[in-house]
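Note sheet for the following structure.
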Amino acid sequence: MLFLTLLKVRRFDCAEDNPDKDVLKRAFSQGSCLYIVIGAGAPSKIRKEDLYEIDVTIPSALANEARVNGIRALTLLGSTGPDINATYSAWTGTIAGGGYYRHCKGQVEENIKQLNFESTNLMRPACLLGNTNTPKLAEIAIKAFNFITPVKLQGIEVTTLAQKMIKATNL
Numbered sequence: 001m002l003f004l005t006l007l008k009v010r011r012f013d014c015a016e017d018n019p020d021k022d023v024l025k026r027a028f029s030q031g032s033c034l035y036i037v038i039g040a041g042a043p044s045k046i047r048k049e050d051l052y053e054i055d056v057t058i059p060s061a062l063a064n065e066a067r068v069n070g071i072r073a074l075t076l077l078g079s080t081g082p083d084i085n086a087t088y089s090a091w092t093g094t095i096a097g098g099g100y101y102r103h104c105k106g107q108v109e110e111n112i113k114q115l116n117f118e119s120t121n122l123m124r125p126a127c128l129l130g131n132t133n134t135p136k137l138a139e140i141a142i143k144a145f146n147f148i149t150p151v152k153l154q155g156i157e158v159t160t161l162a163q164k165m166i167k168a169t170n171l
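Here's what the structure looks like:
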């Protein structure tokens, strides 16, 4: 799409780049919107504390820095069913869709809402298709049954989601 070529993108990989506040401030001064797409990827394989750090602490801190430094719009890639009141269960652990996972997603959404950006978009896909974290067999099954699945529970291709995230940013 044409509008994708007009975007100036600055990508940070927190694990590799470890951007400090001065670097973020300079980056934020050059833009008006922030897309937060950080996530655990395979949440069932990590500790509870690590899931919270990745899904709540880091995006919340990044959103706060963005707000302080003049970013007007924020779009967050979350997940379906966020629930700040959901709790940890030894039975579900940190798996996607489990109580603690939904708690983390609900907590980060609440933190971001409290920052009062001019435009806030919370994207809640049920399943990301076309990425390395979705097993191929699951992806085939999801695509096969999308026609009978309620819209809010259908899978979505990552490229389609990216286009929708950009389109949702209304400045």
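Per my numbering, the very first residue in the sequence shown carries number 1; after that it's consecutive. We put the CB at the ideal spot given by N, CA and C, even for glycine.
- Taking the C-beta atoms as reference points, Ala42 is found nearer than 7 Å to Asn133.
- Here the stretch 72-81 makes contact with the stretch 95-109; the two share three or more CB pairs at distances below 8 Å.
- Under the DSSP definition of a beta bridge, Thr120 partners with Leu74.
- Leu137 is classed as exposed because its beta carbon has fewer than 16 other beta carbons within 10 Å across all chains shown.
- Counting along the chain, Leu62 sits inside the alpha helix (DSSP H) bounded by residues Ile58 to Val68.
- Straight through space, the alpha carbons of Gln154 and Ile84 are spaced by roughly 23 Å.
- For Gly155, the enclosing beta strand (DSSP E) has its first and last residue at Gly155 to Glu157.
- Just measuring C-alpha positions, the residue of Thr57, Thr149, Ser44 and Gly39 sitting nearest Ser89 is Ser44.
- For Tyr100, the enclosing alpha helix (DSSP H) begins and ends at Gly99 to Lys113.
- Sequence-distant partners of Asn69 (beyond 5 residues in either direction) whose C-beta falls short of 6 Å from its own C-beta, in its chain, are Lys25 and Phe28.
- At a Cβ-Cβ threshold of 7 Å, Leu128 and Glu139 do not count as neighbours.
- In the structure shown, Ile36 adopts extended strand secondary structure according to DSSP, grouped into three states.
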